[in-house]
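Okay, so the sequence shown: first residue is 6 according to the numbering used here, each after it adds one.
Take a look at the structure set out below.
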Amino acid sequence: MRLRALLDTRTLGLRLLGGEDELDRTVRGVMTTDLRDPSRYLSGGELVLTGLAWRREPEDSERFVRILAAANVAGLAAGEAELGAIPDDLVQACLHHRLPLFAVEEAVSFASITEHVVRQVSSERAGDLAAVVDRHRRLMTSGPAGGGPEVVLDLLGSDLDLRAWVLSPTGRQIAGSTLADSGPELSGELAARLAGEHLAAARTGRRGPHRVTLAGSTYSLFPIRYEGRDLRQTVLSDWLLAVEADAGDWPEERLDLLHGVTQLIAVERDRRDAARTVRRRLAQEVLELVQTGAPPAEIAARLRVAAPVLLPGLGSAPHWQIVVARVEWEGGDVPGGPVAQSLLEEMLVDPGTSGPEPSDRIAVAHTGDEAVALVPLPVPDESGDSSATGLHAGELLPLVQEPLGRGLADDGRLTVGVSASVHSAEGLRGALEEARHARRVAAARPGRVCAAGHEELASHVLLLPFVPDDVRRAFTARLLDPLRDYDRRHRAELIPTLEAFLDCDGSWTRCATRLHLHVNTLRYRVGRIEQLTGRDLSRLEDKLDFFLALRMS
C-alpha cells in the first residue's frame with residue numbers, strides 16, 4: 006500500500022506535516038518505537054509510529070530521523086498525546102532527510118493504525134504471492150522446474166512470513182526455505198512427529214489442513230496427494246506441506262493460496278516420479294532375469310547398464326544388496342506393491358538427508374504386494390572405509406517406524422527383509438532369496454512395521470543359492486512334479502495349498518482362513534498331497550523337504 010492511501014483514510018486521524026512529494030512510497034509494514042536508536046529492528050519500508058518519548062532536547066530529532074532515513078523507512082507518524090503539537094525541530098529534520106511526517110490525533114491509538122496497515126499489507130502480499138504462484142505453476146507445467154519447491158517456500162517466507170517445509174511420509178525434508186533468516190532448521194525428530202500426526206489425521210478421512218501443536222509451536226499440515234484413489238493407495242507415499250502457523254483462523258483467500266501451493270508442489274512430485282521411471286525399469290528387468298533363472302552373464306550385462314545410472318562416475322563394478330518390502334492391508338482389496346515401492350525409495354535414503362538426489366541411487370520394482378530394491382554399494386577401498394558394508398535392517402526403522410505405524414493404522418502392515426551384499430551377478434539369486442526369507446522372519450514378529458536382516462537367517466537359506474542346478478531340478482521334480490501334474494489335470498491347487506500350509510506353520514485354522522476354505526476341504530487337500538508324494542506333513546523332516554523344494558523351484 007502507499008502512504009497516500011493512509012492519508013486518505015480519515016478514521017486513522019493522520020495529518021501531513023511534510024513530505025508531500027514522497028507520498029507514493031510503498032508501506033511494507035508498521036513498527037511502534039520510542040527507542041533512541043531502533044535501527045536493529047528496521048528492515049525498510051515500515052511506517053514508524055512514535056510517542057516521542059525518545060526526545061529530550063531538540064538535537065535528538067536530527068539524530069533520530071537520520072537513523073530512520075538510513076534504514077529506508079516509508080514514513081514517520083508522531084503522536085500528539087505526549088507533547089501536544091509536534092516539535093518544529095522534528096518537522097525540519099524530516100524535511101531535511103525527505104522523510105514524510107504525519108501527526109497522529111490524540112484520540113487515535115497506535116493499535117488502530119497498526120491493525121489497519123497490517124490488514125492492508127497482508128491482503129496485498131497475498132494477492133502478489135498468488136500471482137507469483139500462478140506464474141510459477143505455468144512455468145513448471147510447461148517446462149523445466151523453476152528451482153523446485155524451495156522457490157515457493159521462499160515466497161511464503163518473504164511475503165507472508167510463513168515458515169514451511171515439504172516433508173515425505175517418513176518425515177524426511179524434501180524442501181525448505183533457503184532464506185538466510187528463515188529461522189532454525191526443522192529437526193529430524195520433529196519432522197517425523199509431524200509426518201506421523203499428518204498420517205494419523207489423514208487416515209481418519211478428515212480434510213486438511215490438520216493442525217497440531219508440538220514443541221510449543223502450532224503447525225498446519227496440508228496434504229499433497231493424488232485425488233480419486235483409495236486413501237490407502239496414496240497416504241503412505243504422499244508428501245505434505247508443514248506450515249508453522251495456525252490456519253484455523255485464516256481467511257478463505259489465504260487457505261486457497263496455500264492449497265494452490267500444494268498443487269504446485271504436486272507438479273514437482275509428478276516430475277520427480279517420472280524421473281524414477283528409468284531406474285524402476287532397470288530394477289524390473291534385473292528382477293525378472295533373476296527370477297526366471299537367466300544365465301549369470303545376461304544378468305551381469307544388465308547390471309553393467311544399471312551401475313552407471315545409479316552410481317555415476319564409479320570406476321569399478323559395485324557390490325549389490327537386495328531389500329524386499331511388503332505392504333498388506335486387511336481384506337486384500339488394495340494392492341500393496343506400489344505403496345511398498347514408494348516406501349522403499351523413501352526408507353533407503355538417510356532421513357537426515359534433504360532433497361531428492363540420494364534416492365537416485367536406488368532402483369525399485371514391484372509385483373503384487375511386494376517391492377524389491379536393487380541397491381548398489383561402492384567397493385571398499387584398501388582401508389576398508391566404504392559404504393559397501395551395506396544396509397542393516399535395524400538401522401532402517403528408528404525414525405520411520407512411528408510415522409508409518411500411524412499411517413498403517415489398524416488395518417495395514419509393512420514388513421522388510423534385507424540381504425547381505427554380493428559382489429557379482431551370480432550372487433543376486435541368493436540375495437533375493439535371503440531378503441525374502443528375512444522378510445518372512447520379520448512378518449512373524451508383532452507390530453505394524455517390522456524388519457529383519459540376513460544375519461538372522463537359518464543356515465539352509467544361505468546354502469540354497471549354491472546348490473547345483475541339476476541337483477535343484479532333481480530334488481524339486483521328485484517332490485513337486487506329482488502335485489503339478491495333478492493340478493494340471495484336476496485344477497486342484499495343491500501347490501498353492503502346500504505353500505500356504507507351510508507359511509501358516511501347519512496351522513489348519515489359519516491356513517483355511519487364508520485360502521477361504523472349510524477346514525475339512527483343507528484336510529482333504531493335504532491328505533491328497535501326502536498320498537501323491539508318500540510324505541507326512543506332520544513330520545518336521547518332510548515339512549522341511551517341501552519347504553526347500555518350493556524355495557528352489
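Ideal placement from N, C-alpha and C gives every residue a C-beta, glycine not left out.
{"Check": "Sequence-distant residues of the same chain with beta carbon closer than 6 Å to L287, five excluded per side", "Outcome": "A311 and A368"}
{"Check": "Buried/exposed call for L22, threshold 16 Cβ in 10 Å", "Outcome": "buried"}
{"Check": "Nonlocal neighbours in the same chain, by C-beta distance under 7 Å from A430, ignoring five residues either side", "Outcome": "P301, I304, A305 and L308"}
{"Check": "Endpoints, the beta strand (DSSP E) within which G34 is located", "Outcome": "G34 to T37"}
{"Check": "Cβ-based neighbour list, G84, same chain, cut-off 6 Å, excluding 5 preceding and 5 following", "Outcome": "G56 and V109"}
{"Check": "Cβ neighbours of L507 in the same chain (closer than 6 Å, five flanking residues each side left out)", "Outcome": "F552"}
{"Check": "Chain-order list of residues whose beta-carbon lies under 7 Å from that of P381 (same chain, five-residue window excluded)", "Outcome": "A312, L315, L316, P323, W325 and R366"}
{"Check": "7 Å CB neighbourhood of W244 in its chain, flanking five on each side removed", "Outcome": "V171, L172, S173, I179, I229, I270 and R274"}
{"Check": "Residue environment, R331, which counts as buried when at least 16 other CB atoms sit within 10 Å", "Outcome": "buried"}
{"Check": "Nonlocal neighbours in the same chain, by C-beta distance under 8 Å from D13, ignoring five residues either side", "Outcome": "none"}
{"Check": "Beta carbon of R33 nearer than 7 Å to that of G50", "Outcome": "yes"}
{"Check": "H121 (DSSP reduced to helix, strand or coil)", "Outcome": "helix"}
{"Check": "Whether C455 touches T420 by CB criterion (7 Å)", "Outcome": "yes"}
{"Check": "Inter-residue spacing [alpha-carbon to alpha-carbon] between L555 and L485", "Outcome": "8 Å"}
{"Check": "For E375, the nearest candidate out of V328, R124, D490 and C99 (CA to CA)", "Outcome": "V328"}
{"Check": "Between the CA atoms of R208 and H215 - distance to the nearest angstrom", "Outcome": "12 Å"}
{"Check": "C-beta contact flag for V53 and V78 at 7 Å", "Outcome": "yes"}
{"Check": "Chain-order list of residues whose beta-carbon lies under 7 Å from that of R441 (same chain, five-residue window excluded)", "Outcome": "V329 and G422"}
{"Check": "Span separating the alpha-carbon of S117 from that of L17", "Outcome": "7 Å"}
{"Check": "Cβ distance (whole Å) where S242 is taken to contact V344 below 8 Å", "Outcome": "6 Å"}
{"Check": "CA-to-CA distance, G417 to A449, given in whole angstroms", "Outcome": "15 Å"}
{"Check": "Which of helix, strand or coil DSSP assigns to P343", "Outcome": "helix"}
{"Check": "Local conformation of S424 per DSSP, three classes", "Outcome": "coil"}
{"Check": "Close-in-space but distant-in-sequence residues of the same chain around D547 (CB under 6 Å, 5 per side omitted)", "Outcome": "R540 and D541"}
{"Check": "P105 versus H264 - alpha carbon distance", "Outcome": "39 Å"}
{"Check": "Best match in V96, E111 and R494 for proximity to L19 [C-alpha to C-alpha]", "Outcome": "E111"}
{"Check": "Residue closest to E407, alpha-carbon to alpha-carbon, out of L204, V156 and E439", "Outcome": "L204"}
{"Check": "Through-space distance from L401 to E290, alpha-carbon basis", "Outcome": "26 Å"}
{"Check": "Where P313 falls: helix, strand or coil (DSSP)", "Outcome": "helix"}
{"Check": "Ranges of the alpha helix (DSSP H) found wholly within the segment 448-530, counting only runs of at least 4", "Outcome": "464-468, 474-495, 499-508 and 513-520"}
{"Check": "Neighbour flag for T175 against chain B, beta carbons, 7 Å", "Outcome": "Protein chains in the displayed structure number just one, and chain B is not present."}
{"Check": "Closest by C-alpha distance to Y491, when choosing among Q125, R41, L195 and L537", "Outcome": "L537"}
{"Check": "Burial state of H428, where buried means 16 or more other Cβ atoms lie within 10 Å", "Outcome": "exposed"}
{"Check": "Of the listed residues D26, S426 and G410, nearest to R453 (C-alpha basis)", "Outcome": "G410"}
{"Check": "Of the listed residues P92, I91, G80 and V123, nearest to R103 (C-alpha basis)", "Outcome": "G80"}
{"Check": "Classification of R444 by the beta-carbon crowding that lies within 10 angstroms, buried from 16 upward", "Outcome": "buried"}
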